[in-house]
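Student: So the sequence shown is numbered by my numbering: it starts at 13 and just counts up by one.
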Amino acid sequence: MPASKTLQDRTQTQIPRARPPRYARSDEEYRRQTRELLNSLREVERGDPRREVICRRLIELHTPVVRRIARRYRNRGEPEEDLRQVAMVGLMQAIRDFNPDFGKDFISYALPMMTGEVKRHFRDRTWAIRVPRKHQEKRAELNRVTASFTQRNGRSPTISEIAKMLEMSEEDTIELVDASTAYSALSLDVPYGADEEEKTLGDTLGDVDADLESVVDRAALRPALAALAPRERRILLLRFAGNKTQAQIAQQVGLSQMHVSRMLSATLRKLRAELLSEG
């Protein structure tokens, strides 16, 4: 062997090559490949570059299992590629924590970890609103019994019927049904109303009405305005309701602009004093 052979070349000669399960001739061959790689992993210390090579080959060996798990859950609203990555996290954790001394096959240890990681992803990442875990875990059973009942009876079950099938109280069942609707949320850009209406769901949402803050002031101002002299009230309304200038008001009421200005100032002081005294 040439002295210049790289470390990677040396490690590749010391570590058994793995074939993916679809190329394995039998289950026994797959188990043998996995066992050899796991035994090699135990003999390599942390930080040794050979450890990464072994882990990569274990991952390649079990990639078809990861794909199969992702396909099983792909019709639940999450991209299949994302589910593969989540299942891969479970596989890597299984490789890290597996202990062959327990006498258990690696695949029987890794499968629950990969599947559990995918289920945890759905539980923690895909709900539009965070709801109690007991409702998240019960949602699948709720969907199953509801679909089964509908298929048998040709109608949707009532709350009391669902409660009986799930062995829950009606109050808890109502809470579960309400929580299950929080799994996914509609976009505010979804069309709403008749087909010819260009309206979205967001258009139907209420907003803060700034005029509400002035309701109390307006209610208190009404009797104060009624107490003013007719000419004072007319000039005030022309200025602030009619948006007239002082010159236009003076021409309309037959007074000088200076007189109108003084009357407006005096009237506003009177109203302010009235409102503050009531406060």
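Cβ coordinates follow ideal geometry from the N, Cα and C atoms, glycine included.
Unbroken beta strand (DSSP E) runs of length 3 or more, entirely within the stretch 100–131: which are they?
Tutor: none
Student: Taking the C-alpha atoms as reference points, what is the distance between Ala285 and Thr216?
Tutor: On the sequence shown, position 273 is the one that residue 285 refers to. On the sequence shown, position 204 is the one that residue 216 refers to. The straight-line gap from Cα to Cα measures roughly 42 Å.
Student: Is the beta carbon of Leu95 less than 8 Å from the beta carbon of Arg86?
Tutor: Residue 95 sits at position 83 when you count from the first residue of the sequence shown. Residue 86 sits at position 74 when you count from the first residue of the sequence shown. It is a contact, given that the beta carbons lie within the stated cut-off.
Student: Does the separation of the CB atoms of Leu154 and Ser192 fall below 8 Å?
Tutor: Here the question's residue 154 lines up with position 142 in the sequence shown. Here the question's residue 192 lines up with position 180 in the sequence shown. Against a cut-off of 8 Å, the Cβ pair of Ser192 and Leu154 comes out as a contact.
Student: Taking the Cβ atom as the reference point for each residue, do Ile247 and Val227 lie within a distance shorter than 8 Å?
Tutor: Translated into positions along the sequence shown, residue 247 becomes position 235. Translated into positions along the sequence shown, residue 227 becomes position 215. Their beta carbons are not under 8 Å apart, which means Ile247 does not touch Val227 by this criterion.
Student: Mind checking Ser277: buried by the 16 CB within 10 Å criterion, or exposed?
Tutor: Looking up residue 277 in the sequence shown gives position 265. Exposed, because fewer than 16 other Cβ atoms sit within 10 Å of the Cβ of Ser277.
Student: What separation, rounded to the nearest whole angstrom, lies between the Cα atoms of Ala122 and Leu103?
Tutor: As a first step, residue 122 must be located in the sequence shown, where it is residue number 110. As a first step, residue 103 must be located in the sequence shown, where it is residue number 91. Note on geometry: alpha-carbon atoms of Ala122 and Leu103 lie some 6 Å from one another.
Student: Since I believe Leu49 is in contact with Arg69 (beta carbons under 8 Å), could you give me their beta-carbon distance rounded to a whole number of angstroms?
Tutor: Position 57 of the sequence shown holds residue 69. Position 37 of the sequence shown holds residue 49. Arg69 to Leu49, Cβ: 6 Å. Contact.
Student: Can the beta-carbon of Ala236 be found less than 8 Å from the beta-carbon of Leu283?
Tutor: Taking the first residue of the sequence shown as position 1, residue 236 is located at position 224. Taking the first residue of the sequence shown as position 1, residue 283 is located at position 271. In this structure, Leu283 lies closer than 8 Å to Ala236 by Cβ.
Student: Would DSSP call Ser289 helix, strand or coil?
Tutor: Looking up residue 289 in the sequence shown gives position 277. Helix, per DSSP.
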